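Colleague:
2 protein chains.
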Amino acid sequence: MQQGYDGNVPATAPLFAALGDPVRLAMLARLCTGGPLSTMVLGQGIEVSRQAITKHLQVLEDAGLVSSDRVGRDRLWQMRPQQLVAAREYLDRMSAQWDTRLERLRKFVEEEFD
Amino acid sequence: MQQGYDGNVPATAPLFAALGDPVRLAMLARLCTGGPLSTMVLGQGIEVSRQAITKHLQVLEDAGLVSSDRVGRDRLWQMRPQQLVAAREYLDRMSAQWDTRLERLRKFVEEEFD
DNA sequence: CCAAGAAGCAACCATGAAGTTGCGCGTCAG
DNA sequence: CTGACGCGCAACTTCATGGTTGCTTCTTGG
Numbered sequence: 000m001q002q003g004y005d006g007n008v009p010a011t012a013p014l015f016a017a018l019g020d021p022v023r024l025a026m027l028a029r030l031c032t033g034g035p036l037s038t039m040v041l042g043q044g045i046e047v048s049r050q051a052i053t054k055h056l057q058v059l060e061d062a063g064l065v066s067s068d069r070v071g072r073d074r075l076w077q078m079r080p081q082q083l084v085a086a087r088e089y090l091d092r093m094s095a096q097w098d099t100r101l102e103r104l105r106k107f108v109e110e111e112f113d
Numbered sequence: 000m001q002q003g004y005d006g007n008v009p010a011t012a013p014l015f016a017a018l019g020d021p022v023r024l025a026m027l028a029r030l031c032t033g034g035p036l037s038t039m040v041l042g043q044g045i046e047v048s049r050q051a052i053t054k055h056l057q058v059l060e061d062a063g064l065v066s067s068d069r070v071g072r073d074r075l076w077q078m079r080p081q082q083l084v085a086a087r088e089y090l091d092r093m094s095a096q097w098d099t100r101l102e103r104l105r106k107f108v109e110e111e112f113d
């Protein structure tokens with residue numbers, strides 16, 4: 000199970016891809032601090048058309064990072080932190096492998112020169 | 000400084016973009032466990048041309064995730080974990096903001112119904 | 001009831017990213 | 001020394017992505 004995270008590669012890559020855009024990252028940041036926000040509000044201060052905002056939000060939704068509901072004539076978006084946690088854990092496992100590898104290397108050198 | 004990570008958005012997005020490809024993630028995983036590996040070795044088992052592998056590695060290098068040195072007629076690649084840590088910390092801050100927001104919400108509801 | 005506001009839908013454009021092929025250059029092994 | 005191996009460089013194709021515009025649909029405020 001230690002290196003079982005190799006199998007998660009194909010599932011995690013699209014997640015990072017969804018995070019790999021400044022517009023989407025900015026909107027995610029807003030959703031992390033504020034409650035459900037409408038499409039219009041999320042587009043405030045971002046210099047792209049409404050349609051572009053909608054497309055970005057759909058990308059985030061496809062990646063499972065946000066969810067949305069139609070309320071009246073607005074669509075309200077909110078965070079869905081599970082996938083965010085998944086991405087974090089993936090990086091954690093990677094860092095952990097790196098660390099244990101360094102540790103093995105350190106011990107090896109230590110034994111060598113004792 | 001709490002919400003200062005908004006300013007990191009433009010810097011972090013390209014990093015996630017570099018992580019958002021299964022081929023690159025797989026190669027990173029190999030470099031996390033093993034020591035410096037040559038371009039050829041890194042391409043083992045990946046069904047793309049050597050040039051494609053090289054391009055992916057250059058993307059990772061531009062993102063600061065790996066570094067390389069020419070040794071003889073090979074180019075050896077190795078992890079450079081700093082940027083990986085940066086990405087991890089970014090997600091950590093995002094999750095933290097989400098958590099504190101939930102906490103505030105919980106306290107608010109609690110006070111409301113006391 | 002009617003007009004304005006917010007979304008959805010579809011077509012379209014442009015650019016960049018992923019991939020390929022072909023060729024040239026240095027480097028090592030026999 | 002020579003051929004094979006590993007790379008680097010450059011041109012080219014393909015296609016997904018980000019972005020736009022125009023029009024329709026639905027909902028609410030007056």
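Chains as they are written, first to last, in numbering that gives the first Met the number 0: chain A, 0 to 113; chain B, 0 to 113.
Cβ coordinates follow ideal geometry from the N, Cα and C atoms, glycine included.
These numbers come from a predicted model, not from an experiment.
Spell out whether any CB of chain A is found under 8 Å from the CB atom of R100 of chain B.
Modeller: Counted from its first residue, the second sequence places residue 100 of chain B at position 101. Yes, R100 of chain B lies at the interface with chain A (some Cβ there is under 8 Å from its Cβ).
Colleague: Q50 of chain B lies in the alpha helix (DSSP H); which residues open and close that run?
Modeller: The residue labelled residue 50 of chain B in the question sits at position 51 within the second sequence. Start and end: R49 to D61.
Colleague: Run through chain B and tell me which residues come within less than 8 Å of R87 of chain A, C-beta to C-beta.
Modeller: Your numbering for residue 87 of chain A matches position 88 in the first sequence. The answer, in chain order, is R87, L90, D91 and S94.
Colleague: If you measure from the beta carbon of V84 of chain A to each beta carbon in chain B, is any gap under 8 Å?
Modeller: Along the first sequence, one-based indexing puts residue 84 of chain A at 85. True, the Cβ-Cβ gap to chain B drops below 8 Å.
Colleague: Which word fits G3 of chain B, buried or exposed, when buried means at least 16 other C-beta atoms lie within 10 angstroms of its C-beta?
Modeller: If you number the second sequence from 1, residue 3 of chain B lands on position 4. In this prediction, G3 of chain B scores a pLDDT of 43, lower than 50, which makes its location untrustworthy; no coordinate-derived value is stated.
Colleague: What first and last residue would you give for the beta strand (DSSP E) that runs through L75 of chain B?
Modeller: Counting from one through the second sequence, the residue named residue 75 of chain B turns up at place 76. Element bounds for L75 of chain B: D73 to M78.
Colleague: Considering only residues of the same chain and omitting the five flanking positions on each side of Q50 of chain A, which have a CB-CB separation below 6 Å?
Modeller: On the first sequence, position 51 is the one that residue 50 of chain A refers to. Within the same chain, Q50 of chain A has no close Cβ partners at all.
Colleague: Counting Cβ pairs closer than 8 Å, one from the segment 21-34 of chain A and one from the segment 66-73 of chain A, do we hit at least three?
Modeller: No, the segment 21-34 of chain A is not in contact with the segment 66-73 of chain A.
Colleague: May I ask you to check if the CB of E102 of chain A is nearer than 7 Å to at least one heavy atom of the ligand ZN?
Modeller: As presented, the structure is devoid of all ligands, the ligand ZN included, so that no description of it is given.
Colleague: Count the C-beta pairs between the segment 87-94 of chain B and the segment 33-48 of chain B that are closer than 8 Å, then say yes if the count reaches three, no if not.
Modeller: Segments in contact, no.
Colleague: Would you decide whether F107 of chain A is buried or exposed? Buried here means 16 or more other CB atoms lie within 10 Å of its CB.
Modeller: Within the first sequence, residue 107 of chain A is the residue found at index 108, counting from 1. Per the 10 Å Cβ criterion, exposed.
Colleague: Using a Cβ-Cβ cutoff of less than 8 Å, which residues in the same chain neighbour N7 of chain B once the five nearest sequence positions on both sides are dropped?
Modeller: Stepping through the second sequence from its first residue, residue 7 of chain B is reached at position 8. Excluding residues within five positions, the ones whose Cβ falls inside 8 Å are Y89.
Colleague: Does the distance from the CB of G63 of chain A to the CB of A12 of chain B come in under 8 Å?
Modeller: On the first sequence, residue 63 of chain A is found 64 positions in, with the first residue counted as 1. On the second sequence, residue 12 of chain B is found 13 positions in, with the first residue counted as 1. No. Outside cutoff.
Colleague: Rounded to the nearest angstrom, what separates R114 of chain B and M78 of chain A at their Cα positions?
Modeller: Any property of residue 114 of chain B remains undetermined from this structure, which presents chain B solely from 0 to 113.
Colleague: Taking CB distances under 8 Å as the criterion, tell me whether L75 of chain B reaches chain A.
Modeller: Taking the first residue of the second sequence as 1, we reach residue 75 of chain B at position 76. So no, L75 of chain B is outside the interface.
Colleague: Considering Cα atoms alone, identify which of A:L83, A:E110, A:D98 and A:A17 is closest to Q57 of chain A.
Modeller: Position 58 of the first sequence, counted from the first residue, corresponds to residue 57 of chain A. Nearest option by C-alpha distance: A:A17.
Colleague: For a quick check, are the C-beta atoms of W97 of chain B and P80 of chain A less than 8 Å apart?
Modeller: Start at 1 with the first residue of the second sequence, and residue 97 of chain B comes out as number 98. Start at 1 with the first residue of the first sequence, and residue 80 of chain A comes out as number 81. Going by C-beta atoms, W97 of chain B is nearer than 8 Å to P80 of chain A.
Colleague: State buried or exposed for A86 of chain B, treating a residue as buried only when at least 16 other CB atoms are found within 10 Å of its CB.
Modeller: Against the second sequence, residue 86 of chain B aligns to sequence position 87. That one is buried.
Colleague: Say whether chain A places a C-beta atom closer than 8 Å to the C-beta of G19 of chain B.
Modeller: Along the second sequence, one-based indexing puts residue 19 of chain B at 20. It does; some Cβ of chain A falls within 8 Å.
Colleague: Does the beta carbon of A16 of chain A come closer than 8 Å to any beta carbon on chain B?
Modeller: Stepping through the first sequence from its first residue, residue 16 of chain A is reached at position 17. At least one chain B Cβ lies under 8 Å of A16 of chain A.
Colleague: Establish whether the CB of A28 of chain B and some CB of chain A are separated by less than 8 Å.
Modeller: Here residue 28 of chain B is taken as the residue at index 29 of the second sequence, counted from 1. Interface residue, yes.
Colleague: Got a sec: which bits of the segment 43-63 of chain B sit with their beta carbon under 7 Å from any beta carbon on chain A, in order along the chain?
Modeller: Flagged: no residues at all.
Colleague: Short check: CB of V84 of chain A to CB of S37 of chain B, under 8 Å?
Modeller: Taking the first sequence and counting its residues from 1, the one referred to as residue 84 of chain A is at position 85. Taking the second sequence and counting its residues from 1, the one referred to as residue 37 of chain B is at position 38. No, Cβ-Cβ distance for V84 of chain A and S37 of chain B is not below 8 Å.
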